[in-house]
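Start counting at 1 in the sequence shown, then tack on 10, and there's your number in this note's numbering.
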Amino acid sequence: NEASKMTTISAPYEYPLGPPAAVTLAGAMALALRVAYVVKSIRCDDEESNSEQKPSPTRRRKRTRPVSTLVVLGSGGHTTEMIRLLTLLDARRYSPLTYVVATTDTTSLQRIEASKSARRGDAVFRIPRSREVGQSYVTSILTTLRSLLSCIYVSLRVRPDFVLCNGPGTCLPIVVVVFFLRILGLAGGNVVFVESFCRVKHLSLTGRLLYPIVDKFIVHWPELREQYPHSKLVSSFISHPATVEGDGSKKRGG
Numbered sequence: 011n012e013a014s015k016m017t018t019i020s021a022p023y024e025y026p027l028g029p030p031a032a033v034t035l036a037g038a039m040a041l042a043l044r045v046a047y048v049v050k051s052i053r054c055d056d057e058e059s060n061s062e063q064k065p066s067p068t069r070r071r072k073r074t075r076p077v078s079t080l081v082v083l084g085s086g087g088h089t090t091e092m093i094r095l096l097t098l099l100d101a102r103r104y105s106p107l108t109y110v111v112a113t114t115d116t117t118s119l120q121r122i123e124a125s126k127s128a129r130r131g132d133a134v135f136r137i138p139r140s141r142e143v144g145q146s147y148v149t150s151i152l153t154t155l156r157s158l159l160s161c162i163y164v165s166l167r168v169r170p171d172f173v174l175c176n177g178p179g180t181c182l183p184i185v186v187v188v189f190f191l192r193i194l195g196l197a198g199g200n201v202v203f204v205e206s207f208c209r210v211k212h213l214s215l216t217g218r219l220l221y222p223i224v225d226k227f228i229v230h231w232p233e234l235r236e237q238y239p240h241s242k243l244v245s246s247f248i249s250h251p252a253t254v255e256g257d258g259s260k261k262r263g264g
């Protein structure tokens, strides 16, 4: 009976995707897995450092060589806070020290040189800002590309082990570039982002963008620590006494 016969369709021997498309797909999948691995490692290190338990012996590594350090300077209050932070770095361990400043920043380096406590940099790189104050978003596309290219050059030249920044928009492209170089295995720099002290209840735009990809995200106020669980509360500029009242709430110091 012809009606009862099943129709057999032979599958084609050729793949629906050509070799270039297949290679592109495999590369995209490998890149996605690498990004997931790097982000996962960042979060695991963060959870381990925030826990009260001792680090796992398999993850504890004693560093013997100096830490190549890259510091991104902002302007105004950002520079004031960074000068304070730099006093906490051991000059023998965090060396060489490289500063990155915007081409239009005319005061930060002068303030570093005038400060008695701030370290002089071993090298200084100037990069164009991604966007100046008041600049249109259309023209900022080209300036952002220029800034990214400059940051790629700086990152490959310095190959930082440690990147320290505290909020200026200048640090956004440099941190993004270091993150992607880390994905590609071309740099291993850990990034510490210190939010500005004046940010009490809301993060800066730079902070919100970089929060998912930095190794340590530092805040100064309990309100931000509660909103962003992967952040770390420190007392760089103010004390936060852990005084616990009867209702279990913490009393904030001033």
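Beta carbons: idealized from backbone N, C-alpha and C, even for Gly.
As the structure is a prediction and not an experimental result, all values here were calculated from the model.
Please state whether the Cβ-Cβ distance between residue i and residue j is less than 8 Å.
i    : j    : result
G86  : Y109 : no
V204 : L80  : no
F189 : I137 : no
V173 : V134 : no
G217 : G177 : yes
R121 : T89  : yes
L219 : V229 : no
Would you mind reading off the limits of the beta strand (DSSP E) that contains residue i?
i    : result
A109 : Inspection of the sequence shows that residue 109 is occupied by Tyr rather than by Ala. Unbroken beta strand (DSSP E) run through Y109: L107 to A112.
I151 : Unbroken run through I151 is the alpha helix (DSSP H), Y147 to V168; no beta strand (DSSP E).
F172 : F172 to C175
V229 : K226 to V229
R136 : A133 to I137
L196 : Segment: none, L196 is in no beta strand (DSSP E) and carries neither H nor E.
L83  : Counting along the chain, L83 falls outside any beta strand (DSSP E), and DSSP gives it neither H nor E.
S241 : S241 to L243
Under DSSP, the alpha helix (DSSP H) around residue i begins and ends at which residues?
i    : result
I93  : G87 to L96
S118 : S118 to A124
T216 : L215 to L220
L191 : C181 to I193
L234 : P232 to Q237
Buried or exposed: residue i, going by 16 or more other Cβ atoms within 10 Å of its Cβ?
i    : result
A197 : buried
P183 : buried
C161 : buried
V148 : exposed
C175 : buried
G144 : exposed
T68  : Below a pLDDT of 50, predicted positions are generally treated as unreliable, and T68, at 45, falls in that range; the measurement from the model is reported next regardless. Its Cβ having fewer than 16 others within 10 Å, T68 is exposed.
L166 : exposed
D100 : exposed
P239 : exposed
A32  : exposed
A46  : exposed
A111 : A quick correction: the sequence has Val, not Ala, at residue 111. Buried is the call here.
S206 : buried
CA-CA distance, residue i and residue j?
i    : j    : result
M39  : V186 : 20 Å
R192 : V48  : 8 Å
S140 : E236 : 31 Å
L152 : S51  : 33 Å
S214 : P30  : 42 Å
P232 : E91  : 19 Å
R70  : D225 : Confidence at R70 is low in this model, with a pLDDT of 49, below 50, so its placement is unreliable and no value can be given for it.
E123 : I93  : 10 Å
T34  : L41  : 10 Å
A77  : V168 : Strictly speaking, residue 77 in this sequence is Val, with Ala absent from that position. The straight-line gap from Cα to Cα measures roughly 11 Å.
L43  : G199 : 19 Å
P65  : H212 : The predicted model places P65 with a pLDDT of 49, which falls under 50 and marks its position as unreliable, so this point remains unresolved.
L83  : G195 : 26 Å
D115 : S157 : 14 Å
V164 : P170 : 10 Å
L159 : T74  : 32 Å
Y104 : S125 : 19 Å
C181 : T113 : 13 Å
A36  : T154 : 30 Å
P106 : Y221 : 26 Å
C208 : E142 : 21 Å
S150 : R102 : 40 Å
S146 : F227 : 30 Å
Compute the beta-carbon to beta-carbon distance between residue i and residue j, rounded to the nearest angstrom, for a pair I have assumed lies under 8 Å.
i    : j    : result
L234 : S245 : About 14 Å separates the two Cβ atoms, so there is no contact after all.
S118 : T97  : With a Cβ gap of about 16 Å, S118 and T97 do not count as contacting.
Quick one: does residue i have its CB under 8 Å from some CB of chain B?
i   : result
H88 : The structure shown has no chain B; it contains just one protein chain.
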